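**Q** Chains as they are written, first to last, in UniProt numbering: chain A, 1 to 487; chain B, 1 to 358.
Don't be surprised by glycine CBs; every beta carbon is placed ideally from N, CA and C.
All of these numbers come straight from a predicted model, not from anything done at the bench.
Below you'll find the structure I mean.
See the structure below:
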């Protein structure tokens, strides 16, 4: 690879392979940054031999290949327009997913990441699809989840970039590089939902509008439809992605493609035998629509533009234009400014630190509050417990009192009983005396027997002699006499 | 195919109807591997071509610094490396110019083009290094310069309205010239390399290697390698930054056998065996610069330019610059180092390094 060694004049940025055009041709080629720097006063020197740094792009590319690329596509469109099918067709594979229903309560985004490998190039492809877009009755807020999602990816990247210890070169870039906007093939014009959504998205992402299910439109209607759409987009100031025309190797093809926007596509994963080849196609009673036939639809053009020609440019536009815009707005919003050269350095830092302190202060306040709450709760609980304790004490006292009362009553009763027993005993001794006096003839045996008999209790009877009527036992007439005498 | 989890996962992953105070970044599902060669050609590998075209258009920057005592052939070597007069030789200076009292830093930029690739090459010369009687701290101006470049880049990066392509003046590579004494490294060499190996990629080079025989050369190289290892000095390619096995084996070979490169520089051509070659003519023969049997210049050139040029830039950007940035943002504890909203004076960029994290 012995390159052409050329001496370059200061003011000119010559075309890559062409030999020296020493004339000041500054207007022709868009000035590269080198030219700008050259203009700042560097000499250009001729090389006397082959040095070898023309392998630099190869070195760069090899490094990128080993790191892998990532590419993220967002598909926005109403349910049933064939988004998933188109993705399947574009990447020649069947990605997962059941078709969405029309009954979603709001717009959601479904994202999937796939690792594709082709020769030595590894691509991390992320496909994000809207679910439920255009199905609600009130569609005013339909665009919001989409915008929020895109912003979230930018935010994640910004956070990583602002970190103190960051690993940007190994960061998985999740920012959306291309947004395919699916337009319903009505044949008339854009829906107002489409216009509103595209207007909101055009400053955040590269929009590529496509007409979905375009086999529903005839050729003549299609051209009219395309013209109508482009004019509507222009009149509403929607900026769609224009394929870059500054690099002359792709300027021509990109230029023609720009004229074909929006692409009318058809997606199909079914393969049918046409002629003697298997091709992706859709079969109708009246004929077969071939997906990869340029006369039938613009699918091939879309694939060329999206993947084979401009993938890198899409990535770069996302990073250098959309992301920078987001970053600028976000930082200004957060209060950073590049006011004047003096306060430029690290005013970012200062505000950052101020915010950090603020945040810490808030945290502390919250902690205090929580502590207060905790203390209060404890107090309340304590009071409750005290109440309960008091109640229990009272109850206990009451019960005790009751208990004592009962006890007293029982003791009284017992006393009564004892008194009675004593009285009875006295009467008994008195009666025995009488008996012993009265019936000494009865003999001491009878007395003894009677004494023994007296030990067995008899219920006392009222006053009055009840001879032998108190109990049925023999010899009871004696007791009866005694009882009557005693009472 | 990915196992598509139903709604639960989508709810968790994406923002929904209910607006959240801060949109949480969506976590993509675990990637599923699909070998697309089975499925028909998609065209993903064209991205290589696209990337190449883009980089050719924007051009490259490369900044190389040469450090060493005067008379070691620094300028000649750089001119030989890039086959052009990118460095003005000291001998062409006015004889009356004295050796500078302190180390000066002179950066001269040139644009060279080859094979459609445009490169802005900046050669940073350090006249006065190691030339005084008292050479204490003579590496400080150099360190300061390197840090200043990092500072410049950081300032640009932190701006709100950033340039599309930040001009890169950071030193990507520092060639340190070792005097061919044949004994060992001088204390000055060790000190310099110790201080600077942490902020810039150092490639030690044995200058004027035509004063040593082959055995002397290999012994000297071994001794130098040993001394560097004993002192814990990591020159480029650093062991810790080897990414995969392939890199490691390749770099190990270079580290343990070829480095430091013993080079001879010349910009004069002579006729040898019918070919015109760059060389030095002596009474006992012509030393061919690009002959691998005579000296290792070709190895150095291939190493720096043809294989590791991009890697030098990447290590500078991803590692040295990031270290500097992290240190800078941490040290200030967030407080502005100078003119903030309070109007205090900006203190100078640190010349002496704060202890690095590792």
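My parser needs the beta strand (DSSP E) runs of 3 or more residues fully inside the segment 175-252 of chain B; what are they?
**A** 202-206
**Q** Would residue 332 (chain A) count as contacting chain B if we go by Cβ distances under 9 Å?
**A** The count along the first chain starts at 1 and reaches residue 332 (chain A) at position 332. True, the Cβ-Cβ gap to chain B drops below 9 Å.
**Q** Using a Cβ-Cβ cut-off of 9 Å, state whether residue 109 (chain B) counts as contacting chain A.
**A** Position 109 of the second chain holds residue 109 (chain B). Judged by the 9 Å Cβ criterion, residue 109 (chain B) is in contact with chain A.
**Q** Is residue 22 (chain B) close to chain A? Criterion is C-beta to C-beta, closer than 9 Å.
**A** Residue numbering aside, residue 22 (chain B) sits at position 22 when the second chain is read from its first letter. Confidence in residue 22 (chain B) is poor, its pLDDT being 37 and thus under 50, which makes the residue's placement unreliable; the coordinate value appears in the next sentence. Yes, contact with chain A.
**Q** Against chain B, which members of the segment 59-90 of chain A pass a CB distance test of less than 7 Å?
**A** Near chain B, meaning a CB-to-CB distance below 7 Å, the residues of the segment 59-90 of chain A are 59, 60, 61, 63, 64, 65, 69.
**Q** Would you list the residues sitting across from residue 279 (chain A) in a DSSP beta bridge?
**A** By one-based count along the first chain, residue 279 (chain A) stands at place 279. Partner(s): A:272.
**Q** Are there three or more Cβ pairs, one per stretch, closer than 8 Å when the segment 263-276 of chain B is compared with the segment 66-85 of chain B?
**A** In short, these stretches touch, since the Cβ pair count reaches three.
**Q** Just to confirm, is the Cβ distance from residue 122 (chain B) to residue 109 (chain B) under 9 Å?
**A** Counted from its first residue, the second chain places residue 122 (chain B) at position 122. Counted from its first residue, the second chain places residue 109 (chain B) at position 109. Closer than 9 Å, so yes.
**Q** Residue 307 (chain B) CB to nearest chain A CB: under 9 Å?
**A** Against the second chain, residue 307 (chain B) aligns to sequence position 307. Chain A, which has a Cβ nearer than 9 Å to the Cβ of residue 307 (chain B), makes this yes.
**Q** Buried or exposed: residue 396 (chain A), going by 16 or more other Cβ atoms within 10 Å of its Cβ?
**A** Taking the first residue of the first chain as position 1, residue 396 (chain A) is located at position 396. Under this definition residue 396 (chain A) is an exposed residue.
**Q** With a threshold of 8 Å, are at least 3 pairs of Cβ atoms found where one atom belongs to the segment 288-302 of chain B and the other to the segment 243-251 of chain B?
**A** no
**Q** Anything in chain B within Cβ reach of residue 49 (chain A), meaning under 7 Å, just list it in chain order.
**A** Here residue 49 (chain A) is taken as the residue at index 49 of the first chain, counted from 1. Within 7 Å Cβ-Cβ: 83.
**Q** Thinking C-beta only, is residue 264 (chain A) closer than 9 Å to residue 82 (chain A)?
**A** Residue 82 (chain A) sits at position 82 when you count from the first residue of the first chain. Residue 264 (chain A) sits at position 264 when you count from the first residue of the first chain. It is not a contact, given that the beta carbons lie outside the stated cut-off.
**Q** Can you confirm whether the segment 137-157 of chain A touches the segment 104-115 of chain A when touching is taken to mean that 3 or more C-beta pairs between the two stretches lie within less than 8 Å?
**A** yes
**Q** Looking at the unbroken beta strand (DSSP E) that takes in residue 117 (chain A), where does it start and where does it end?
**A** The sequence position of residue 117 (chain A) within the first chain is 117, counting from 1. Where residue 117 (chain A) is concerned, the enclosing beta strand (DSSP E) stretches over 108-118.
**Q** Within its chain, find whatever has a CB closer than 8 Å to the CB of residue 153 (chain B); leave out the 5 residues flanking it on each side and keep chain order.
**A** Locating residue 153 (chain B) in the second chain gives position 153, counting from the first residue. Excluding sequence neighbours, residue 153 (chain B) sits near 166, 168, 169, 170, 321.
**Q** Leaving out five residues on either side along the sequence, give the residues of the same chain with a beta carbon under 6 Å from the beta carbon of residue 345 (chain A).
**A** Locating residue 345 (chain A) in the first chain gives position 345, counting from the first residue. Because residue 345 (chain A) sits at a pLDDT of 49, beneath the cut-off of 50, its placement in the model cannot be relied upon, and the following sentence gives the value as read from the coordinates. Around residue 345 (chain A): no qualifying Cβ.
**Q** Is the segment 42-58 of chain B close to the segment 54-68 of chain A, with three or more CB pairs under 8 Å?
**A** yes
**Q** Go through its chain and collect everything with a Cβ distance to residue 207 (chain A)'s Cβ below 7 Å, but skip five positions before and after it.
**A** Locating residue 207 (chain A) in the first chain gives position 207, counting from the first residue. Excluding residues within five positions, the ones whose Cβ falls inside 7 Å are 179, 181, 198, 201, 240, 241.
**Q** In this structure, does DSSP put residue 126 (chain A) in helix, strand or coil?
**A** Locating residue 126 (chain A) in the first chain gives position 126, counting from the first residue. Of the three classes helix, strand and coil, the one that applies to residue 126 (chain A) here is strand, per DSSP.
**Q** According to the neighbour-count rule (16 or more other Cβ atoms, all chains shown, within 10 Å of its Cβ), is residue 187 (chain B) buried or exposed?
**A** One-based indexing of the second chain puts residue 187 (chain B) at position 187. Per the 10 Å Cβ criterion, exposed.
**Q** Kindly list, in the order they appear in chain A, the residues whose Cβ is closer than 7 Å to that of residue 314 (chain B).
**A** Start at 1 with the first residue of the second chain, and residue 314 (chain B) comes out as number 314. Result: 63.
**Q** Within 10 angstroms of its Cβ, does residue 356 (chain A) collect 16 or more other Cβ (buried), or is it exposed?
**A** As a working mapping, residue 356 (chain A) is identified with position 356 in the first chain. If you draw a 10 Å sphere on the C-beta of residue 356 (chain A), you find fewer than 16 other C-beta atoms in it, and that means exposed.
**Q** Mind listing which residues of the segment 183-199 of chain B have their C-beta closer than 9 Å to chain A's C-betas, in chain order?
**A** none
**Q** Taking Cβ-Cβ distances shorter than 7 Å, what residues in chain A pair up with residue 60 (chain B)?
**A** Start at 1 with the first residue of the second chain, and residue 60 (chain B) comes out as number 60. Within chain A, the residues near residue 60 (chain B) are 56.
**Q** Under a CB-based cut-off of 9 Å, is residue 24 (chain A) close to chain B?
**A** For the purposes of this step, residue 24 (chain A) is taken as residue 24 along the first chain, with counting starting at 1. Low per-residue confidence applies at residue 24 (chain A): pLDDT is 33, beneath 50, and the placement is therefore not dependable, though the value from the model is reported in the following sentence. Output row for residue 24 (chain A): interface = no.
**Q** Run through chain B and tell me which residues come within less than 8 Å of residue 374 (chain A), C-beta to C-beta.
**A** The residue given as residue 374 (chain A) occupies position 374 in the first chain. The premise fails here: residue 374 (chain A) is roughly 26 Å from chain B at the closest Cβ pair, so nothing lies under 8 Å.
**Q** Give the DSSP-derived three-state secondary structure of residue 340 (chain A) in the structure shown.
**A** Stepping through the first chain from its first residue, residue 340 (chain A) is reached at position 340. Residue placement at residue 340 (chain A) is poorly supported in this model, since its pLDDT is 44, which falls under 50; the coordinates are not used for a value here.
**Q** Going by the DSSP bridge assignment, what does residue 208 (chain A) pair with across the sheet?
**A** The residue labelled residue 208 (chain A) in the question sits at position 208 within the first chain. The partner list for residue 208 (chain A) (beta bridge, DSSP) reads A:180.
**Q** Does residue 256 (chain B) come out as helix, strand or coil in the three-state DSSP assignment?
**A** Stepping through the second chain from its first residue, residue 256 (chain B) is reached at position 256. It is helical.
**Q** Per DSSP, what kind of secondary structure is residue 75 (chain A) in: helix, strand or coil?
**A** On the first chain, residue 75 (chain A) is found 75 positions in, with the first residue counted as 1. Strand, per DSSP.
**Q** Below 8 Å on the Cβ atoms is my guess for residue 126 (chain B) versus residue 146 (chain B); work out the distance and round it to an integer in Å.
**A** Locating residue 126 (chain B) in the second chain gives position 126, counting from the first residue. Locating residue 146 (chain B) in the second chain gives position 146, counting from the first residue. Incorrect: roughly 11 Å between the Cβ atoms, too far for contact.
**Q** Closer than 9 Å, CB to CB, is residue 168 (chain A) near chain B or not?
**A** Here residue 168 (chain A) refers to the residue found at position 168 when the first chain is read from its first residue. So, interface residue.
**Q** Please determine, among B:302, B:151, B:113, the residue with the shortest C-alpha to C-alpha distance to residue 59 (chain A).
**A** Position 59 of the first chain, counted from the first residue, corresponds to residue 59 (chain A). Comparing Cα-Cα distances from residue 59 (chain A) to each of B:302, B:151, B:113, the minimum goes to B:302.
**Q** In this structure, does DSSP put residue 42 (chain B) in helix, strand or coil?
**A** Translated into the one-based positions of the second chain, residue 42 (chain B) becomes position 42. It is coil, neither helix nor strand.
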